[in-house]
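The numbering used here applies: residue 155 is where the sequence shown begins, and numbers increase by one.
Reading through the structure tokens given below for one structure.
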Amino acid sequence: MARKTVLQLSGVERHYGQGETTLSILKGADFDLKTGEIVALVAPSGTGKSTLLHLAGLLEHPDAGEVFLAGQACNGLPDAERTAMRRNQIGFVYQFHHLLPEFSAVENIMMPQLIAGLSKAEAKERASQLLDYMRIGHRAEHRPSELSGGEQQRVAIARAVANAPRVLLADEPTGNLDPKTASYVFDALEALVRQSGLAALIATHNHDLASRMDRRVTIEGGKVVEM
């Protein structure tokens with residue numbers, strides 16, 4: 155079955171004022187992400203990696219160009235609609251898990267579902283299924299402080315996909331983990347993407363993990379280029 159483009163950046167530019175000068179980070183960047191695809195974004199710090207993720211995740215507006223999500227142009231949408239698209243169609247995973255310390259693993263995954271309007275019973279069932287899928291169902295009632303780094307990050311991934319988004323954006327999701335644990339977490343993430351048809355863009359400095367993804371891209375001269 156042909157993969158459909160779910161995220162597209164077209165001619166995207168992003169500039170920041172720095173004193174009296176303008177710093178151009180992205181200069182007419184183009185990028186496509188398809189369903190069921192995992193793409194590695196491998197770029198040195200300061201080249202625009204985080205900016206690209208922020209634009210793709212509708213956290214920032216480009217200065218020029220357009221971001222399309224499932225074929226819909228997003229730049230001109232009202233803030234409320236952009237927020238709704240972020241909440242329902244995009245999942246975020248960061249280097250640090252950002253789990254809520256006072257809640258258990260299953261409760262952390264329930265939270266975005268409850269905000270989206272699911273009942274407590276539905277949210278708990280979905281959260282439990284995701285924990286089982288990530289192979290940490292037996293840790294459901296543990297709080298983040300009682301989990302290992304790899305377990306915390308798998309909970310964070312499960313939380314990011316709890317509302318069945320179309321796109322998963324991850325910024326160094328294994329950056330704080332040792333190589334063996336990082337590989338284990340990536341295995342779980344890859345299985346989730348393949349099974350669900352999710353599209354994933356993963357920023358990483360880990361070249362071993364990047365080589366296991368479908369494509370690798372970097373940022374050169376303000377543009378996204380294939381490696």
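We treat Cβ as the ideally placed atom computed from N, Cα and C, and that holds for glycine.
Residues bridged to glutamate 220 [DSSP beta-bridge criterion]: Ser164
Beta carbon of glycine 211 nearer than 8 Å to that of alanine 314: no
task: Look at the Cβ atom of valine 160, then the Cβ atom of methionine 381, and state whether they are nearer than 8 Å.
output: no
message: Using the Cβ count rule (16 or more neighbours within 10 Å means buried), how would you classify proline 319?
response: buried
message: Considering only their Cβ atoms, is the gap separating threonine 189 from alanine 353 smaller than 8 Å?
response: yes
- request: With a threshold of 7 Å, establish whether the CB of leucine 195 neighbours any heavy atom of the ligand ATP.
  value: You won't find the ligand ATP in this model; it holds no ligand whatsoever.
query: Does the segment 230-248 touch the segment 288-295, meaning 3 or more C-beta pairs lie closer than 8 Å?
result: no
task: For the beta strand (DSSP E) containing threonine 372, list its first residue and its last residue.
output: 369-374
message: Three Cβ pairs or more, each shorter than 8 Å: is that satisfied between the segment 160-169 and the segment 220-235?
response: yes
message: So for histidine 169, helix, strand or coil by DSSP?
response: strand
query: From the beta carbon of alanine 238, is the nearest beta carbon of chain B less than 8 Å away?
result: No chain B appears in this structure, which consists of one protein chain only.
message: Can you give me the C-alpha to C-alpha distance between isoleucine 375 and lysine 181, rounded to a whole angstrom?
response: For clarity, residue 375 is glycine in the given sequence; the question names isoleucine instead. Spanning the two alpha carbons is a distance of roughly 7 Å.
- prompt: Taking the Cβ atom as the reference point for each residue, do valine 166 and proline 216 lie within a distance shorter than 8 Å?
  reply: yes
query: If you run the structure through DSSP and keep just helix, strand and coil, what is phenylalanine 257?
result: coil
- prompt: With distances taken between CB atoms, is the gap from valine 260 to serine 282 smaller than 8 Å?
  reply: yes
task: Output the boundary residues of the alpha helix (DSSP H) element that contains glycine 303.
output: 303-314
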